[in-house]
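Residue numbers (the numbering used here): 413 to 474.
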């Protein structure tokens, strides 16, 4: 009698889920790149260290 647990090897693969995860990762990378470009453009006096701090904070909140 089955207790509700399935052997994962017997289940069909789900390439859609992995594709969605990959797409999310790519969009996050693009967002960080665009943020860097915009910050350099709008705030030219911003130091590289300050920019890195902002990018880290932004990435953690994504």
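Backbone N, C-alpha and C fix where the C-beta goes; we use that ideal spot for every residue, glycine too.
A quick note: this is a predicted structure, and the numbers were derived from the prediction, not measured.
Simplified DSSP state of residue i, which is helix, strand or coil
i           : result
residue 372 : No statement about residue 372 is possible, as the shown extent of the chain runs from 413 to 474 and does not include it.
residue 427 : helix
residue 445 : helix
residue 458 : coil
Cβ-Cβ distance between residue i and residue j below 8 Å
i           : j           : result
residue 470 : residue 447 : yes
Own chain residues within Cβ distance below 8 Å of residue i, not counting five before or after
i           : result
residue 473 : none
Contact set for residue i: own chain, Cβ-Cβ below 7 Å, skip 5 residues either direction
i           : result
residue 413 : The predicted model places residue 413 with a pLDDT of 47, which falls under 50 and marks its position as unreliable, so this point remains unresolved.
For the 8 Å Cβ check, are there 3 or more pairs between the region 460-471 and the region 424-438?
Segments in contact, no.
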